[in-house]
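Following this note's numbering, the numbering of the sequence shown begins with 417 at its first residue and continues without gaps.
Heads up, the beta-carbon is just placed ideally off N, CA and C, and yes, glycines get one too.
Keep in mind that this is a model prediction, so the values were computed, not measured.
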Amino acid sequence: MRRLSLSPNRLGASAFLCRSPKPQRREASRKERRMNFTSQVHKHVLGKLGALMACLLAVVVLVGCSGGGGTDVSQASGSLDKNTEVRVCFVEVVENDAFITMMNGFKDEMADQGFTNVVYDVKNAQGDVATLNSIAAQLKSADYDVIVPIATPAAQACANAAIDKPMIFISVTDPVAAGITSSLEKPDKGITGTSNVSDVKAIFEFAEELDPAALSGKVGILYCSGEKNAEVTAKAAQEYLEGRQIEVDVRTVTNSSEVQQTAATLASGVSCIYVPVDSVVQSAMSQLTQTATKANIPVLGTDPVMVKDGALESVSCSNTTLGAKSADMAIKALEGTKISDLPVEVLASDDYAVNGATAKALGINLDSLSISQDYRVID
């Protein structure tokens, strides 16, 4: 066998040649590590960006649902847990028995529908419009789930304040004329509710059945100039009477302290006094009816509470029903229905009421009359 003899130089060269691929393999390993590191960084950054985009999208969705400035307010869609605490705030320009009945109707309906964990609050402006506007402004940041303004002045104040909470009014005669919404079918100012359109024809026809002389002379109309509800109803009454060639004497007051004196002036020259839907005059109804009844002049009302306070009669929708219907709408809003998808509900005037004591004082014998409508007697 031939022995191969290698010199140190040749051995070194051979050794170098044999080991030379190893550095190449180490270099390739570093590249792979750099590529893996870069890939991990990319994945991490993209993951963070994805999470950030998801958060931004959620914010956009929430802002869109809020309706922007109270124009279309709703809660998150889905059924509401009836055991969850619900905070409701009633808002009124003054307090009277009609409003109390409406609030009780609202509360009873909420309870009947299973909402027993409800906290109620009442904000009363004591007849002052500036105070009412201040209350509405404060409600923008207050911790309530539903705002419930009662009657036109309170509903106007809340609508103008653009409160970013569901707002459900009770008993507004003409929400469009009052500027509370542009449409009854699609409320557009974050507020909807129930309307109590007064049937003036029914009121005057009922009065004639009770007292044929009620419209025999000039008819007085008394309302507060600051109440849009009252103005709308007063104009409707005036148009009806003038259509029958009956003279009208229209008087206005600016607050409840003026009611009694104005009533005394009217009573001296009219055959009856008509009071439209008016929370200010209604708060002084007992003084008005006492003055008119002493002069043997019947007062025709638009609410059973007016009859309770001495008016001869009224034709209206039920205050209890007004409150209950508004509660049903509030529940829908709490469950996620948009305000714009809750049309204003107009209730029919089918509640006929007569004050028995006033009828007797005016010489009217109810038992001897043949009345075309079913009615209830309030004493």
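If you draw a straight line from the C-alpha of Thr753 to the C-alpha of Gly521, how long is it? Taking the first residue of the sequence shown as 1, we reach residue 753 at position 337. Taking the first residue of the sequence shown as 1, we reach residue 521 at position 105. In a straight line, the C-alpha of Thr753 is about 22 Å away from that of Gly521.
Spatial neighbours of Ser587 within its chain, please: C-beta separation below 7 Å, excluding the five flanking residues on both sides. Position 171 of the sequence shown, counted from the first residue, corresponds to residue 587. The answer, listed in chain order, is Met518, Ile566, Ala567, Thr610, Asn612 and Leu738.
For the beta strand (DSSP E) containing Phe585, name the first residue and the last one. By 1-based counting over the sequence shown, the position of residue 585 is 169. According to the DSSP assignment, Phe585 belongs to the beta strand (DSSP E) that extends over Met583 to Phe585.
In angstroms with no decimal places, state the Cα-to-Cα distance between Asp665 and Ala680. The residue you call residue 665 lines up with position 249 of the sequence shown. The residue you call residue 680 lines up with position 264 of the sequence shown. Looking at the two C-alpha atoms, the distance is approximately 13 Å.
When the Cα of Tyr791 is compared with those of Leu548, Ala653 and Asn771, which residue comes out closest? Counting from 1 along the sequence shown, the entry for residue 791 is found at position 375. Taking only the C-alpha atoms, the option nearest Tyr791 is Asn771.
According to DSSP, is Leu763 helix, strand or coil? Translated into the one-based positions of the sequence shown, residue 763 becomes position 347. Of the three classes helix, strand and coil, the one that applies to Leu763 here is coil, per DSSP.
Am I right that Pro569 and Val545 are in contact with their C-beta atoms under 8 Å? What's the rounded C-beta distance? By 1-based counting over the sequence shown, the position of residue 569 is 153. By 1-based counting over the sequence shown, the position of residue 545 is 129. In this structure Pro569 touches Val545 by the C-beta definition: roughly 7 Å separates them, less than 8 Å.
Could you check how far apart the C-beta atoms of Glu625 and Ile780 are, in whole angstroms? I think they sit under 8 Å. Mapped onto the sequence shown, residue 625 falls at position 209. Mapped onto the sequence shown, residue 780 falls at position 364. The distance from the Cβ of Glu625 to that of Ile780 is about 10 Å, inconsistent with a contact at the 8 Å cut-off.
Helix, strand or coil: which one does DSSP assign to Val479? Taking the first residue of the sequence shown as 1, we reach residue 479 at position 63. Because the pLDDT at Val479 is just 38, under 50, the model does not fix this residue reliably, and the value given afterwards should be weighed accordingly. Looking at Val479 - three-state DSSP - the assignment turns out to be helix.
Are the beta-carbon atoms of Ala798 and Met526 separated by less than 7 Å? In the structure as shown, the chain starts at 417 and stops at 795, and residue 798 therefore has no counterpart that could be examined.
So Phe506 packs on Val538, CB below 8 Å; how close in whole Å? Residue numbering aside, residue 506 sits at position 90 when the sequence shown is read from its first letter. Residue numbering aside, residue 538 sits at position 122 when the sequence shown is read from its first letter. That pair is a contact at about 5 Å.
Neighbour-count burial assignment, Pro714, 16 or more Cβ in a 10 Å radius: Position 298 of the sequence shown, counting from 1, holds the residue named residue 714. If you draw a 10 Å sphere on the C-beta of Pro714, you find 16 or more other C-beta atoms in it, and that means buried.
Which residues does DSSP list as the beta-bridge partners of Phe506? In the sequence shown, counting from the first residue as 1, residue 506 sits at position 90. Note: Phe506 is bridge-paired with Val538 and Val564 in the DSSP secondary-structure output.
Touch test, the region 639–657 against the region 692–699, Cβ-Cβ under 8 Å, three pairs minimum: Proximity of the region 639–657 to the region 692–699 meets the contact definition, three or more beta-carbon pairs being nearer than 8 Å.
Leaving out the 5 sequence neighbours to the left and right, which residues in its chain are closer than 6 Å to Ala740 when beta-carbon positions are compared? As a position in the sequence shown, residue 740 is number 324, starting the count at 1. Setting aside the 5 residues that flank it on each side, Ala740 is surrounded in the same chain by Gly521 and Glu525, each with a C-beta closer than 6 Å to its C-beta; the list follows chain order.
Outcome for Gln789 when other beta-carbon atoms lying within 10 angstroms are tallied against a minimum of 16: As a first step, residue 789 is located in the sequence shown; it is residue number 373 there, counting from the start. Burial call: exposed.
Do you know offhand how far Val686's Cα is from Leu763's? Residue numbering aside, residue 686 sits at position 270 when the sequence shown is read from its first letter. Residue numbering aside, residue 763 sits at position 347 when the sequence shown is read from its first letter. Leu763 has its alpha-carbon roughly 31 Å from the corresponding atom of Val686.
In whole angstroms, what is the alpha-carbon distance linking Lys617 and Tyr690? The sequence position of residue 617 within the sequence shown is 201, counting from 1. The sequence position of residue 690 within the sequence shown is 274, counting from 1. So the two alpha carbons sit approximately 12 Å from each other.
I'd like to confirm something about Ala646: is its beta-carbon nearer than 6 Å to some heavy atom of the ligand ADP, or not? Absence of the ligand ADP is noted for the structure shown, with no ligands found whatsoever.
What is the DSSP secondary structure of Glu601, reduced to helix, strand or coil? Stepping through the sequence shown from its first residue, residue 601 is reached at position 185. Three-state DSSP puts Glu601 in coil, outside helix and strand.
For Arg418, the three-state DSSP class (helix, strand or coil): Numbered from 1 along the sequence shown, position 2 holds the residue referred to as residue 418. Caution is warranted here: a pLDDT of 37 is assigned to Arg418, below 50, making its placement in the model unreliable, and the coordinate value is therefore given only provisionally. Arg418 falls in the coil class under three-state DSSP.
Taking buried to mean at least 16 other C-beta atoms within 10 Å of its own C-beta, is Asp561 buried or exposed? Looking up residue 561 in the sequence shown gives position 145. Its Cβ being crowded by 16 or more others within 10 Å, Asp561 is buried.
Please list, in chain order, all residues of the same chain as Gln703 whose beta carbon is under 7 Å from its beta carbon, the five residues on each side excluded. On the sequence shown, residue 703 is found 287 positions in, with the first residue counted as 1. Taking Gln703 as the centre and dropping the five residues before and after it, the same chain places the C-beta of Val675 and Gln676 closer than 7 Å to its C-beta, in chain order.
If I measure Cβ to Cβ from Glu658 and keep anything under 8 Å in the same chain, skipping five residues before and after, which residues do I get? Position 242 of the sequence shown, counting from 1, holds the residue named residue 658. Only residues of its own chain outside the window of five on either side were considered, and among them Val664 have a CB closer than 8 Å to the CB of Glu658, listed in chain order.
What number of angstroms, rounded off, separates the C-alpha of Cys574 from the C-alpha of Val564? The count along the sequence shown starts at 1 and reaches residue 574 at position 158. The count along the sequence shown starts at 1 and reaches residue 564 at position 148. Distance between the alpha carbons of Cys574 and Val564 is about 9 Å.
Alpha helix (DSSP H) runs wholly inside the region 643–723, at least 4 long, in chain order: Here the runs fully enclosed are 644–659, 675–683, 695–698 and 701–710.
Please state whether the Cβ-Cβ distance between Ala683 and Ala653 is less than 7 Å. For the purposes of this step, residue 683 is identified with residue 267 of the sequence shown, where counting begins at 1. For the purposes of this step, residue 653 is identified with residue 237 of the sequence shown, where counting begins at 1. Taking 7 Å as the Cβ cut-off, Ala683 and Ala653 do not qualify as a contacting pair.
Option in Asp757, Leu782 and Asp767 with minimal Cα separation from Ala773: Here residue 773 is taken as the residue at index 357 of the sequence shown, counted from 1. Nearest in C-alpha terms to Ala773, of all of Asp757, Leu782 and Asp767, is Leu782.
Measuring only the C-alpha atoms, how far is Leu500 from Ala749? To locate residue 500, count along the sequence shown from 1; it is residue 84. To locate residue 749, count along the sequence shown from 1; it is residue 333. The question names Leu, yet the displayed sequence has Thr at residue 500. Their Cα atoms are separated by approximately 15 Å.
With 16 as the cutoff for other CB atoms within 10 Å, does Ser599 come out buried or exposed? For the purposes of this step, residue 599 is identified with residue 183 of the sequence shown, where counting begins at 1. By the neighbour-count rule (16 or more Cβ atoms within 10 Å), Ser599 is not buried but exposed.
Simplified DSSP state of Gly466, which is helix, strand or coil: Locating residue 466 in the sequence shown gives position 50, counting from the first residue. Its pLDDT being 49, under 50, Gly466 is placed unreliably by the model, and the measurement read from it follows with that caveat. Residue state for Gly466 is assigned as helix, using DSSP reduced to three classes.
Simplified DSSP assignment, three categories, for Thr517: Here the question's residue 517 lines up with position 101 in the sequence shown. Looking at Thr517 - three-state DSSP - the assignment turns out to be helix.
Hey, could you find the ends of the beta strand (DSSP E) Ile637 is sitting in? As a working mapping, residue 637 is identified with position 221 in the sequence shown. Unbroken beta strand (DSSP E) run through Ile637: Val635 to Cys640.
How far does the alpha helix (DSSP H) with Gly772 in it reach, from first residue to last? What you label residue 772 is simply residue 356 of the sequence shown in a count that begins at 1. Unbroken alpha helix (DSSP H) run through Gly772: Gly772 to Ala777.
For Ala646 and Asp497, what's the separation of their Cα atoms in angstroms? For the purposes of this step, residue 646 is identified with residue 230 of the sequence shown, where counting begins at 1. For the purposes of this step, residue 497 is identified with residue 81 of the sequence shown, where counting begins at 1. Between Ala646 and Asp497, the alpha-carbon positions lie close to 40 Å from each other.
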